[in-house]
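In this note's numbering, the protein residues as written are 1 to 269.
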């Protein structure tokens, strides 16, 4: 009987190409620092969004009409879809404003990005008084982007392996200030589950991917309570490149979305 085998010359390149994906398989679970206690969470269970925790935005933002119709919850968790119908693009933008905010602690979410050219999705914290006192981010608060992900950059290049962490303060106009960090995964972050976390203390921010520290800074530390946001946005020829000229498919057919299994917050007692 003839034995079938793969020659070493063929097997070696194949294994070399597969090795990063085999090594980088996310099994990380929520991992707060020692001494922190769970104080808030949404496991996105049931058949609809918990409106006691989240408010869906319903306005035009750049190239997308934000709508509650882009947001759904099922047995697999939360889904924020990007889609197009009758020449209009749609997406979802959730906030805990007026319902929950926190100052200092560790927050984490398990997310699967399935981003689209021209769009990006994010898990972030926002201050209700951002830019109110210029030059004083401690008092005014800071936009803290725990994770921003995009499929392509401004030139259309594939950057799906890139995790971006950003801070914005002093508003969004002439006096706007920005500081950012990034980490490149050995494999694409698009299409697979990962946990993204932030440790926020009075002294620093520490950003994590799958429980491993990827960036930290002691600059622009907000000292005010901030809301949680889960969002997907579209902008033509912006940070994520040009929009798809053919659109993004209908709400039922579009493959583009952010899936979220849970969001949790821990604080020291």
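Here a beta-carbon is modelled for each residue, glycine too, at the ideal position from N, C-alpha and C. Since the structure is predicted, the reported quantities are computational estimates derived from the model, not experimental observations.
Secondary structure of residue i, DSSP reduced to three states
i, result
"residue 251", "coil"
"residue 136", "coil"
"residue 75", "coil"
"residue 263", "strand"
"residue 70", "helix"
Between the CA atoms of residue j and residue i - distance to the nearest angstrom
i, j, result
"residue 201", "residue 158", "34 Å"
"residue 75", "residue 256", "19 Å"
"residue 25", "residue 148", "Reliability fails at residue 25, whose pLDDT of 47 lies under 50, so the model's placement of it is uncertain and no value is given."
"residue 221", "residue 151", "29 Å"
"residue 103", "residue 94", "19 Å"
"residue 117", "residue 243", "6 Å"
"residue 96", "residue 142", "16 Å"
"residue 36", "residue 265", "9 Å"
"residue 124", "residue 89", "23 Å"
"residue 187", "residue 245", "28 Å"
"residue 46", "residue 67", "20 Å"
"residue 131", "residue 137", "7 Å"
"residue 258", "residue 135", "34 Å"
"residue 50", "residue 34", "30 Å"
"residue 73", "residue 79", "6 Å"
Within 8 Å, strictly: CB atoms of residue i and residue j
i, j, result
"residue 166", "residue 180", "yes"
"residue 215", "residue 109", "no"
"residue 233", "residue 84", "no"
"residue 190", "residue 115", "yes"
"residue 107", "residue 198", "yes"
"residue 192", "residue 81", "no"
Sheet register partners of residue i (DSSP bridge)
i, result
"residue 258", "80, 113"
"residue 212", "209"
"residue 102", "226"
"residue 37", "267"
Span of the beta strand (DSSP E) around residue i
i, result
"residue 196", "193 to 200"
"residue 182", "177 to 184"
"residue 54", "From DSSP, residue 54 is part of no beta strand (DSSP E); its letter is neither H nor E."
"residue 164", "162 to 169"
"residue 238", "First-last for residue 238: undefined, no H or E at that position."
"residue 88", "88 to 91"
"residue 126", "119 to 126"
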